[in-house]
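Per the working numbering, the very first residue in the sequence shown carries number 141; after that it's consecutive. Report on one structure; see the data block that follows.
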Amino acid sequence: MESKLSQEVIKTAAEHDGPIETDAVIIGAGPVGLFQVFELGLLEIKAHVIDSLAYPGGQPIELYPDKPIYDIPAIPVCTGQELTEALLKQIEPFGAIFHLGQTVATVQKQDDGRFFVQTSKGTQFLTKTIFIAAGVGAFEPRTLKVDGLGQFDGLQLHYRVKNPAEFAGKNLVIVGGGDSALDWALNFAAEGPNKAESVILIHRRDGFKAAPASVAKMKQLCDQYEMQFIVGQVTGYEEKNGKLVGAKVTGSDGITRVVPLDMLLVFFGLSPKLGPIADWSLDIERKQLKVDTEKFSTNIPGIFAVGDINTYPGKKKLILSGFHECALAAFGAAPIIFPDKGKIHLQYTTTSTKLHKVLGVESPVFD
Numbered sequence: 141m142e143s144k145l146s147q148e149v150i151k152t153a154a155e156h157d158g159p160i161e162t163d164a165v166i167i168g169a170g171p172v173g174l175f176q177v178f179e180l181g182l183l184e185i186k187a188h189v190i191d192s193l194a195y196p197g198g199q200p201i202e203l204y205p206d207k208p209i210y211d212i213p214a215i216p217v218c219t220g221q222e223l224t225e226a227l228l229k230q231i232e233p234f235g236a237i238f239h240l241g242q243t244v245a246t247v248q249k250q251d252d253g254r255f256f257v258q259t260s261k262g263t264q265f266l267t268k269t270i271f272i273a274a275g276v277g278a279f280e281p282r283t284l285k286v287d288g289l290g291q292f293d294g295l296q297l298h299y300r301v302k303n304p305a306e307f308a309g310k311n312l313v314i315v316g317g318g319d320s321a322l323d324w325a326l327n328f329a330a331e332g333p334n335k336a337e338s339v340i341l342i343h344r345r346d347g348f349k350a351a352p353a354s355v356a357k358m359k360q361l362c363d364q365y366e367m368q369f370i371v372g373q374v375t376g377y378e379e380k381n382g383k384l385v386g387a388k389v390t391g392s393d394g395i396t397r398v399v400p401l402d403m404l405l406v407f408f409g410l411s412p413k414l415g416p417i418a419d420w421s422l423d424i425e426r427k428q429l430k431v432d433t434e435k436f437s438t439n440i441p442g443i444f445a446v447g448d449i450n451t452y453p454g455k456k457k458l459i460l461s462g463f464h465e466c467a468l469a470a471f472g473a474a475p476i477i478f479p480d481k482g483k484i485h486l487q488y489t490t491t492s493t494k495l496h497k498v499l500g501v502e503s504p505v506f507d
């Protein structure tokens, strides 16, 4: 998953005796967690980043690395992979240290005001601030509840697409009625290097929670016999010589038919799980962390929450909203980290020679 660029930019931690003392720990290395590194860096705050995945990028990398994203300001279109690479390049001057493939297990407030943090791998920190940028938490795909089907998980049963080329030339059955199901059905039905031999989309009803344009395109391809749509639910499967060869689909008429396949892709959405975060005495509302909109602080001073993990009146789950939250959270944390500095004044990267020095660029000369 990592490209050559990300391998060059990512700094991983060396062996360390005792807790690592730092100003900031960021939990989550998705786009918002990565941009939090940038906003902290502009204020000369160094950060350590922890993520459960073995690579940075979060949900866009894990679920749709090749899917186009259209709502990043000033970038007409980019993939999850490209967005991650750009963010990693942007934060390179700040030397963030990454601790990947581990989750935060313990957070304890210390007598001196700092937080003791320990991960599932035993890595320990003493940090002045914590920024929770964990997206929807430790997200897990909602699975297809058919007894015995789990034996094919990761082989012929997939809940996400990491390598589209793996499905090229195959007979695919795709289950779901949301954007992911429709997007991948259209992707694999279209002409191109990843085109499947056949695509059959299955949804329990003839109504979708997907973009209307995608639904219209799917119906057009069905009319052109480029793919097929079946109303029904997968209620069983057929196997031969230890391989999955068909899905038993029960239609609205109550009749069960066998649909042959090479691969079964299921997109029922994600089930967010806060995990240990739920035990940190934070105010939680519907599995999200309540924050103020001045500093994006939780109810515990020094712990901030940015991105999809937080909630507040008017919250919109957009990457660009998370970027905005990162800036205010960084300024909210600065007085905790630099209690003797007084007011932290806003400076602009366009004109500030101090920020140019921090970023490692030459200050431009204006006539």
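Heads up, the beta-carbon is just placed ideally off N, CA and C, and yes, glycines get one too.
Of the listed residues the options, nearest to residue i (C-alpha basis)
i: Thr390; options: Leu384, Val398 and Lys383; result: Val398
i: Cys362; options: Tyr377, Gln373, Glu331 and Val339; result: Val339
i: Ile272; options: Asp293, Ile190, Asp252 and Ala214; result: Ile190
i: Gly168; options: Ser492, Ala236, Ile477 and Pro205; result: Ala236
i: Lys310; options: Val286, Phe328, Pro208 and Ser354; result: Phe328
i: Thr283; options: Met367, Leu384, Lys359 and Leu410; result: Leu410
i: Thr269; options: Leu180, Leu297 and Pro304; result: Leu180
i: Val371; options: Gly262, Ile185 and Asp393; result: Asp393
i: Leu240; options: Leu297, Ala418 and Ile150; result: Ile150
i: Ser192; options: Gln487, Pro416, Gly500 and Ser492; result: Pro416
i: Leu182; options: Pro504, Ser503, Glu502 and Ser492; result: Ser492
i: Gly262; options: Ala470, Ile160, Ala469 and Leu297; result: Ile160
i: Leu495; options: Pro233, Leu468, Lys383 and Asp423; result: Pro233
i: Leu401; options: Ile314, Ile449, Ile166 and Gly482; result: Ile314
i: Asp157; options: Val217, Phe265 and Tyr210; result: Phe265
i: Phe256; options: Leu486, Leu404, Ala164 and Pro504; result: Ala164
i: Ala467; options: Val374, Phe444 and Val286; result: Phe444
i: Thr267; options: Val374, His188, Leu460 and Pro479; result: His188
i: Ile185; options: Phe307, Ile484, Thr243 and Asp319; result: Ile484
i: Leu228; options: Ala356, Pro208 and Val177; result: Val177
i: Lys457; options: Ala321, Tyr195 and Ala274; result: Ala274
i: Gln242; options: Glu425, Ala470, Ile395 and Ile166; result: Ile166
i: Phe463; options: Asn334, Val446 and Ala474; result: Val446
i: Pro479; options: Ile212, Ile209 and Gly253; result: Gly253
i: Lys195; options: Gly173, Ile449 and Phe471; result: Just to set this straight, residue 195 is Tyr in the shown sequence, not Lys. Checked all of Gly173, Ile449 and Phe471; the closest Cα to Tyr195 is Gly173.
i: Gln428; options: Glu465, Ile449 and Thr259; result: Ile449
i: Leu404; options: Trp324, His298, Ser421 and Ile440; result: His298
i: Pro441; options: Val385, Ile459, Ser421 and Arg426; result: Ser421
i: Gln373; options: Val431, Ala387 and Ala418; result: Ala387
i: Ile231; options: Lys481, Asn303, Phe175 and Ile215; result: Phe175
i: Phe407; options: Phe348, Lys497, Ile424 and Val244; result: Phe348
i: Ser320; options: Val355, Lys481 and Val385; result: Val355
i: Thr375; options: Ile395, Tyr365 and Asp432; result: Ile395
Residue(s) in a DSSP beta bridge with residue i
i: Leu135; result: Beyond the ends of the chain as shown, which are 141 and 507, falls residue 135; an answer cannot be given.
i: Ile167; result: Ile190 and Ile272
i: Gln360; result: According to DSSP, Gln360 bridges with nothing at all.
i: His485; result: BP columns for His485 are empty, so no partner.
i: Lys89; result: Residue 89 lies beyond the residue range present for the chain, which begins at 141 and ends at 507; the question has no answer from this structure.
i: Thr396; result: Thr390
i: Ala311; result: Checking the sequence, you will find Asn at residue 311 rather than Ala. DSSP, once it has assigned bridges, lists Ser338 as partnering Asn311.
i: Val374; result: Val389
i: Thr162; result: Thr267
i: Ala445; result: Ile272
i: Phe178; result: In DSSP, Phe178 forms no bridge with anything.
i: Pro281; result: Leu410
i: Gln368; result: Ile340
i: Glu379; result: Leu384
i: Glu425; result: Gln428
i: Ser503; result: In the DSSP output, where bridge partners are listed per residue, Ser503 has none listed.
i: Lys349; result: Gly318
i: Pro205; result: Pro205 is not bridged to any residue.
i: Asp293; result: Leu297
i: Ile215; result: Ile212
Enclosing beta strand (DSSP E) for residue i [first to last residue]
i: Val389; result: Lys383 to Gly391
i: Phe471; result: Counting along the chain, Phe471 falls outside any beta strand (DSSP E), though it belongs to the alpha helix (DSSP H) covering Ile459 to Ile477.
i: Lys497; result: Per DSSP, Lys497 belongs to no beta strand (DSSP E); it is in the alpha helix (DSSP H), Thr493 to Leu499.
i: Tyr452; result: Per DSSP, Tyr452 belongs to no beta strand (DSSP E) and is neither H nor E.
i: Gln428; result: Gln428 to Lys430
i: Val406; result: Met403 to Val406
Start-to-end residues for the alpha helix (DSSP H) that takes in residue i
i: Phe328; result: Asp319 to Ala329
i: Ile231; result: Gly220 to Ile231
Distance cut-off 8 Å: residue i Cβ against heavy atoms of the ligand MG
i: Gly409; result: No copy of the ligand MG occurs in the structure displayed, which carries no ligand at all.
Cβ pair count under 8 Å reaching 3, the segment 343-352 against the segment 436-453: Flag = no, the segment 343-352 and the segment 436-453 do not touch.
The segment 452-462 touching the segment 236-250, judged by at least three CB pairs closer than 8 Å: No, the segment 452-462 is not in contact with the segment 236-250.
Stretch-stretch touch, CB-based, cutoff 8 Å, three pairs: the segment 218-233 with the segment 194-207: By the C-beta criterion, the segment 218-233 is judged to be in contact with the segment 194-207, since at least 3 inter-stretch pairs fall below 8 Å.
Three or more C-beta pairs below 8 Å linking the segment 364-379 and the segment 286-294: As far as the Cβ criterion goes, the segment 364-379 touches the segment 286-294, which means the pair count is three or higher.
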